[in-house]
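Written below as structure tokens is the structure these notes are about.
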Amino acid sequence: DAGVIQSPRHEVTEMGQEVTLRCKPISGHDYLFWYRQTMMRGLELLIYFNNNVPIDDSGMPEDRFSAKMPNASFSTLKIQPSEPRDSAVYFCASSLVWDANRFFGPGTRLTVL
Amino acid sequence: KNEVEQSPQNLTAQEGEFITINCSYSVGISALHWLQQHPGGGIVSLFMLSSGKKKHGRLIATINIQEKHSSLHITASHPRDSAVYICAVRFGGGADGLTFGKGTHLIIQP
């Protein structure tokens, strides 16, 4: 398996634009997690899905953020409109079951100017 | 408040030294993860444990549930071990995801 795949790897956009980050989890993994990493706050969970259903989105910072998982092999994290404070590295991870090792994607480095 | 504290924040050591990184948490947990983040940014899951000790190569992770403390040890450290090591816990009693420590930035000098 290729591991967790994220795209794009780097994204530079201007304030106010819509940003869509994409993730393909490892096949067969039932859990998918979106994390954000900043220098100030470290790694934070944004939202996670179990069998494509959002379970906990309490980490989503505000209504500008939304996440979907239309099928078992694809998830998106959307920011609309983007703001400079959204600049961070966004990681997607998946795991086979809840209490199992989490496999991280390479991350998307987002810069909002 | 559910908190995760790591120490030290930064650690520089010489090649071959025995390394210990500590993680303490505030309330009971159901699982604890140790992650390694490489200088290029990639994150690798090293261990997941809920009791006792696990070993993989030169890495050893221990957890003491009563003391709410875990340690990650590296034996015969090597410059390629230079990375940020992150402790993450799942607090018991809820459907929460992981709560992360701020990480320990380790540099092993040749």
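Heads up: the sequence lines are chains B and S, in that order.
Just so you know, we're using my numbering here: the first sequence kicks off at 636 and counts up by one.
Just so you know, we're using my numbering here: the second sequence kicks off at 24 and counts up by one.
Every residue gets a Cβ at the ideal spot worked out from N, C-alpha and C, and that includes glycine.
Predicted model only: the values in this text are computed from it and were never measured.
{"Check": "7 Å Cβ cutoff, B/Tyr666 in contact with chain S", "Outcome": "no"}
{"Check": "Within chain B, the residues that S/Gly75 reaches when beta carbons sit closer than 8 Å", "Outcome": "By Cβ distance, chain B contributes nothing, its closest Cβ being about 15 Å from S/Gly75, past 8 Å."}
{"Check": "S/Ser49 to S/His92 span [Cα, whole Å]", "Outcome": "9 Å"}
{"Check": "Bounding residues of the beta strand (DSSP E) (the contiguous stretch that carries S/Phe41)", "Outcome": "Careful: S/Phe41 lies outside any beta strand (DSSP E) and carries neither H nor E."}
{"Check": "Burial state of S/Arg113, where buried means 16 or more other Cβ atoms lie within 10 Å", "Outcome": "buried"}
{"Check": "B/Ser722 Cβ short of 6 Å to the ligand FAD heavy atom set", "Outcome": "Questions concerning the ligand FAD fall outside what the structure shown contains, since it holds no ligand whatsoever."}
{"Check": "Counted within 10 angstroms of its Cβ, other Cβ atoms place B/Glu718 as buried (16 or more) or exposed", "Outcome": "exposed"}
{"Check": "Cross-strand partners of B/Ile690 (DSSP beta bridge)", "Outcome": "DSSP, once it has assigned bridges, lists no residue as partnering B/Ile690."}
{"Check": "S/Ile109 versus B/Ser701 - alpha carbon distance", "Outcome": "27 Å"}
{"Check": "Unbroken stretches of the beta strand (DSSP E), 3 residues or longer, contained in the segment 63–124 of chain S", "Outcome": "66–72, 75–79, 82–87, 92–97, 106–114"}
{"Check": "Counterpart residues of B/Glu679 in DSSP-defined beta bridges", "Outcome": "B/Arg671"}
{"Check": "CB contact check: S/Ala106 to chain B, cutoff 7 Å", "Outcome": "no"}
{"Check": "B/Phe709 vs B/Lys659 beta-carbon contact at 7 Å", "Outcome": "yes"}
{"Check": "Per-residue contacts from S/Ile88 into chain B (C-beta, under 8 Å)", "Outcome": "Chain B residues near S/Ile88: none, gap ~15 Å exceeds 8 Å."}
{"Check": "Per-residue DSSP class, three states only, for S/Pro133", "Outcome": "coil"}
{"Check": "Opposing strand residues paired with S/Val27 [DSSP bridges]", "Outcome": "S/Tyr48"}
{"Check": "Euclidean distance between Cα positions of S/Trp57 and B/Ile690", "Outcome": "23 Å"}
{"Check": "Beta carbon of B/Arg720 nearer than 7 Å to that of B/His645", "Outcome": "no"}
{"Check": "Residues bridged to B/Glu646 [DSSP beta-bridge criterion]", "Outcome": "B/Leu745"}
{"Check": "Chain D contacts from the segment 695–711 of chain B (Cβ-Cβ distance under 8 Å)", "Outcome": "Of the protein chains in the structure, B and S, none is chain D."}
{"Check": "Neighbouring residues, chain B, relative to S/Ser68 (Cβ below 8 Å)", "Outcome": "Asn736, Arg737, Phe738, Phe739"}
{"Check": "Cβ neighbour criterion (16 or more within 10 Å) applied to S/Thr127", "Outcome": "buried"}
{"Check": "DSSP-derived helix/strand/coil call for B/Arg737", "Outcome": "coil"}
{"Check": "B/Thr673 beta carbon less than 7 Å from that of B/Ala723", "Outcome": "yes"}
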